[in-house]
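**Student:** Respectively, the protein sequence lines represent chains A and B. Here the first sequence stands for residues 162 to 456, where the numbers follow my numbering. Here the second sequence stands for residues 162 to 456, where the numbers follow my numbering.
There are 2 protein chains.
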Amino acid sequence: MDLLDRDGLTEREFLERYQPGDYERPSVAADMVIFTVTDAEADSYRKLPEKELRVLLIRRGGHPFLGKWALPGGFVRPDETTEQAAARELREETGVEDVYLEQLYTFSDVGRDPRTWVMSCSYMALINSDQVKLQAGDDAADAAWFKVTYRLMRESKELTGDGYIKTLQYELKLISEDAELTAVVEKTITVKPSSTATAYAVVSNDGLAFDHAKMIALAIERLRGKVNYTDIALHLMPGLFTLTELQQVYEVILDKELLKAAFRRKVADLVTETDHYTENAGHRPSRLFRRKMEE
Amino acid sequence: MDLLDRDGLTEREFLERYQPGDYERPSVAADMVIFTVTDAEADSYRKLPEKELRVLLIRRGGHPFLGKWALPGGFVRPDETTEQAAARELREETGVEDVYLEQLYTFSDVGRDPRTWVMSCSYMALINSDQVKLQAGDDAADAAWFKVTYRLMRESKELTGDGYIKTLQYELKLISEDAELTAVVEKTITVKPSSTATAYAVVSNDGLAFDHAKMIALAIERLRGKVNYTDIALHLMPGLFTLTELQQVYEVILDKELLKAAFRRKVADLVTETDHYTENAGHRPSRLFRRKMEE
DNA sequence: AAAATAGTGTCTTTCAGACAGTATTTG
DNA sequence: CAAATACTGTCTGAAAGACACTATTTT
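#1: Anything in chain B within Cβ reach of E185/A, meaning under 7 Å, just list it in chain order.
#2: Starting from Q408/B, trace the alpha helix (DSSP H) both ways and give me its first and last residue.
#3: Chain A partners of V352/B, CB-CB under 7 Å?
#4: Select from R451/B, L333/B, H444/B, K453/B the residue whose C-alpha is nearest the C-alpha of S205/B.
#5: Could you tell me the boundaries of the beta strand (DSSP E) in which Q245/A lies?
#6: If we count the other Cβ atoms within 10 Å of its Cβ and call it buried at 16 or more, is Q292/B buried or exposed?
#7: Pairing CB atoms from the region 220 to 232 of chain A with CB atoms from the region 259 to 268 of chain A, are three or more of them under 8 Å?
#8: Can you tell me whether DSSP reads L170/B as helix, strand or coil?
#9: Return the chain-ordered ranges of every beta strand (DSSP E) run that is complete within the region 320 to 397 of chain A and spans a minimum of 3 residues.
#10: Where does Q292/B fall in DSSP's three states?
#11: Along the chain, where does the beta strand (DSSP E) containing F236/A start, and where does it finish?
#12: Can the beta-carbon of V352/A be found less than 9 Å from the beta-carbon of K212/A?
#13: Are the beta-carbon atoms belonging to P225/B and M193/B less than 9 Å from one another?
#14: I need the boundaries of the alpha helix (DSSP H) containing V428/B, first residue and last residue.
#15: Using a Cβ cut-off of 9 Å, pull out every chain B residue sitting near G400/A, in sequence order please.
#16: Where E440/A and A201/A are concerned, what is the direct C-alpha to C-alpha distance, given to the nearest angstrom?
#17: By how many angstroms is the C-alpha of Y179/B removed from the C-alpha of R173/B?
#18: Pair every Cβ in the region 392 to 404 of chain B with every Cβ in the region 424 to 434 of chain B, then say whether three or more of these pairs are closer than 8 Å.
#19: Give me the DSSP bridge partner(s) of L218/A.
#20: Output yes if chain A places a C-beta closer than 9 Å to the C-beta of L295/B; else output no.
#21: So which residues on chain B does W278/A lean against when the C-beta distance must stay under 7 Å?
#22: So, using beta-carbon positions, are K375/B and I336/B closer together than 9 Å?
#23: Does the ligand FAD have a heavy atom nearer than 8 Å to the CB of A190/B?
#24: Please classify F196/B: does DSSP put it in a helix, a strand, or coil?
#25: Please check if any C-beta of chain A sits within less than 9 Å of the C-beta of A378/B.
#26: In whole angstroms, what is the alpha-carbon distance linking A297/A and A247/A?
#27: Measure the alpha-carbon distance for D416/A versus Y331/A and round it to whole angstroms.
#28: Could you spell out where the beta strand (DSSP E) holding M454/B opens and where it closes?
#29: Which chain B residues are close to S275/A, counting only those with a beta carbon under 7 Å from its beta carbon?
#30: Measure the CB-CB distance between S188/B and W306/B and report whether it falls below 9 Å.
#31: State the Cα-Cα distance for the pair E244/A and V413/B, rounded to the nearest angstrom.
#32: Which bits of chain A does T243/B rub up against, with CB to CB less than 8 Å?
#33: Which residue's Cα is closest to the Cα of V428/B: S447/B, K453/B, A360/B?
#34: Per DSSP, E213/A is paired with what?
#35: So, using beta-carbon positions, are R426/A and Q408/A closer together than 9 Å?
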């Protein structure tokens, strides 16, 4: 192919002479919502421990948002994709290598970073409690796992002339051993005859940096959506697990109780049974399952 | 809040003195997959016309990819979000203002643009045939609507030691009045005990610029996925439409025939019936419906 | 009447919700 | 035996698949 452009150049000539213009360019960061599930303290050793959904946050050691908690992340380098940058941050922060990683959304609101023009491509990572143990040797001293809850608090609908605006307010709560953060995220759905638009806004925010409350909210919504029709939740499970544990994970993600019989029917084709059982549990042993790797 | 950082600065002082470093930054473009549905020519005026799913492409007038077809798009400016940039491009290209717009994915492969470091945040827009008429006055002379088909051609699965790799090859065909483009997009799903990764690659590509074959493939997959559990397809319909037309749109998106009775039951709560009917159709008139704006 | 599309009725199958019942282990 | 969890059986009702049937218009 040797097409010539208006200046009579071939593509090779064009590229050899190409000089990037000096118009403004944004910095692009990759930020990660890293989820895991851990056992809460049980009242008695005969009772099963409850499961908690947790997110990793890092306390900011410099301006802006000094002292606030932020998602792990960093700037993308010219020789890597946003996904590679996310995986690199994940490795640096947690030592974990082989995890489920999914791009969520690219945030580009003007002024979202008070320093300069910064976009953020956000990712969701799911790691299981086996892998989390490796978290010891991280460089950011002020990293902590926060228990997450995300709950619809208020719902309203306003009719406009030719459509309506639905407003949903969610309370996002993040609780660690020594900090408790709360944010309210508002989801606004504007329905008009020829369009539907959804926008997120942070209404109040106590302790989270940047627009990271929005990112966490979006991640939870994605997780909740996918749990119902994929095997995504299995990435939060250790190698061997009981169906009751799996059900607890679904319940903590969806923030709602499920019926045992129906749940077992539903996940039957996502798991493979093994010949192992739990031991010394203070009650009847439970069969252990693995994630199904065929099909 | 007047916390001081290690240099003893308040946040305000820090920001006043902040100088962006001179590390490399990418350009960020917003590219759009604009879908619409139009009637194909009918054999006889007594037969219903078939529906076609179409995408807007623009022939490149300069290097790189001179003469190839590309998605409409452009660079994001510092005073706008990627979404605003997408909406701006859409307006410039088609004159259309009020449409369904959804962020798809941010592409950042190294070398995806041969000139320089460019990421692209891709969007999907759905516009209806009423709105498309406005397309006359566009600046890019070489814009054309292409009929799209996207079909699974080959499927294979290879077992690895502890998991498997599934490879799906899709043929993407784009046909306009005077051009026919074909690309093969390969979707690779790598399943390992603690992760699942999906990657897209363009295996062959005849006539599309950049990685735009991947973007279109991703857009179609998103559209197909959402059609089943949202009212997204209604954004492709004009103000009044028959249920048969709506079914045709579902069928052309999903590339599969649906059963009439079941379809009507399924969409019943997405539409509102009107008192209008089609006229002079050469057969029994059909009731016209609108998109349901309540609930 | 023929051609064409519009629209409905209903049987079957599948699957989720609901709930009760049985089974197994430890203290 | 009591406490605790594990696991199964089955009824019901909602929704999707399948297919046949009726209805209405134009030529």
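Every residue gets a Cβ at the ideal spot worked out from N, C-alpha and C, and that includes glycine. Small disclaimer: the values here were computed from a predicted structure and weren't measured.
**Tutor:** Let me spell this out:
#1: Position 24 of the first sequence holds residue 185/A. When 7 Å is used as the limit between beta carbons, E185/A is near these residues of chain B: P239, in chain order.
#2: The residue given as residue 408/B occupies position 247 in the second sequence. Segment 404 to 415, the alpha helix (DSSP H) holding Q408/B.
#3: Here residue 352/B corresponds to residue number 191 of the second sequence, with the count starting at 1. Using a Cβ-Cβ cut-off of 7 Å, V352/B is close to M454 of chain A, given in chain order.
#4: Working through the second sequence from its first residue, we reach residue 205/B at position 44. The residue among R451/B, L333/B, H444/B, K453/B with its C-alpha nearest the C-alpha of S205/B is H444/B.
#5: Indexing the first sequence from 1 puts residue 245/A at position 84. Annotation: Q245/A is outside any beta strand (DSSP E); the continuous alpha helix (DSSP H) that includes it extends over 243 to 255.
#6: Here residue 292/B corresponds to residue number 131 of the second sequence, with the count starting at 1. Under the 10 Å beta carbon count, Q292/B is surrounded by 16 or more other beta carbons and is classified as buried.
#7: Inter-segment contact for the region 220 to 232 of chain A and the region 259 to 268 of chain A is absent: fewer than three beta-carbon pairs are separated by less than 8 Å.
#8: As a working note, residue 170/B is residue 9 in the second sequence. Coil at L170/B, not helix or strand.
#9: Qualifying beta strand (DSSP E) stretches, in chain order: 324 to 336, 341 to 353, 356 to 367.
#10: Taking the first residue of the second sequence as position 1, residue 292/B is located at position 131. In this structure, Q292/B counts as helix in the three-state DSSP scheme.
#11: On the first sequence, residue 236/A is found 75 positions in, with the first residue counted as 1. Segment 234 to 236, the beta strand (DSSP E) holding F236/A.
#12: Against the first sequence, residue 352/A aligns to sequence position 191. Against the first sequence, residue 212/A aligns to sequence position 51. No; because the gap between Cβ atoms is not below 9 Å, this pair is not in contact.
#13: Position 64 of the second sequence, counted from the start, is the residue given in the question as residue 225/B. Position 32 of the second sequence, counted from the start, is the residue given in the question as residue 193/B. No; because the gap between Cβ atoms is not below 9 Å, this pair is not in contact.
#14: For the purposes of this step, residue 428/B is taken as the residue at position 267 of the second sequence. First-last of the alpha helix (DSSP H) with V428/B: 421 to 428.
#15: For the purposes of this step, residue 400/A is taken as residue 239 along the first sequence, with counting starting at 1. Per Cβ cutoff of 9 Å: P354, S355.
#16: Stepping through the first sequence from its first residue, residue 440/A is reached at position 279. Stepping through the first sequence from its first residue, residue 201/A is reached at position 40. Each residue's alpha carbon lies about 19 Å from the other.
#17: What you label residue 173/B is simply residue 12 of the second sequence in a count that begins at 1. What you label residue 179/B is simply residue 18 of the second sequence in a count that begins at 1. Going by the C-alpha atoms only, they are around 10 Å apart.
#18: At 8 Å Cβ cutoff, the stretches touch.
#19: Translated into positions along the first sequence, residue 218/A becomes position 57. Answer is A305/A.
#20: To locate residue 295/B, count along the second sequence from 1; it is residue 134. Caution applies to L295/B, whose pLDDT of 49 falls short of 50 and renders its modelled position unreliable; the model cannot decide the point.
#21: The residue you call residue 278/A lines up with position 117 of the first sequence. Per Cβ cutoff of 7 Å: P239.
#22: Taking the first residue of the second sequence as 1, we reach residue 375/B at position 214. Taking the first residue of the second sequence as 1, we reach residue 336/B at position 175. K375/B places its beta carbon 9 Å or farther from that of I336/B.
#23: Of ligands this structure carries none, so the ligand FAD is not represented either.
#24: Translated into positions along the second sequence, residue 196/B becomes position 35. Reduced to three states, the DSSP call for F196/B is strand.
#25: The residue labelled residue 378/B in the question sits at position 217 within the second sequence. Residue contact with chain A for A378/B: absent (no Cβ-Cβ distance below 9 Å to any residue of chain A).
#26: Stepping through the first sequence from its first residue, residue 297/A is reached at position 136. Stepping through the first sequence from its first residue, residue 247/A is reached at position 86. Interpretation of A297/A is limited by its pLDDT of 49, a score under 50 that renders its predicted location unreliable; no figure is taken from the coordinates.
#27: Counting from one through the first sequence, the residue named residue 416/A turns up at place 255. Counting from one through the first sequence, the residue named residue 331/A turns up at place 170. Using only the alpha carbons, I get a separation of about 13 Å.
#28: Against the second sequence, residue 454/B aligns to sequence position 293. From DSSP, M454/B is part of no beta strand (DSSP E); its letter is neither H nor E.
#29: Walking along the first sequence from the start, residue 275/A turns up at place 114. As written in the sequence, residue 275/A is Pro, which differs from the Ser given in the question. The answer, in chain order, is L176.
#30: Stepping through the second sequence from its first residue, residue 188/B is reached at position 27. Stepping through the second sequence from its first residue, residue 306/B is reached at position 145. Contact: no.
#31: For the purposes of this step, residue 244/A is identified with residue 83 of the first sequence, where counting begins at 1. For the purposes of this step, residue 413/B is identified with residue 252 of the second sequence, where counting begins at 1. Cα to Cα, the separation comes out at about 33 Å.
#32: Locating residue 243/B in the second sequence gives position 82, counting from the first residue. Simply T267, S269, M280.
#33: Against the second sequence, residue 428/B aligns to sequence position 267. Residue nearest to V428/B within the set S447/B, K453/B, A360/B is K453/B (criterion: CA-CA distance).
#34: Locating residue 213/A in the first sequence gives position 52, where the first residue counts as 1. Per DSSP, the beta bridge partners of E213/A are T199/A.
#35: For this step, residue 426/A is matched to residue 265 along the first sequence. For this step, residue 408/A is matched to residue 247 along the first sequence. Here R426/A is not near Q408/A, since their CB atoms are 9 Å or more apart.
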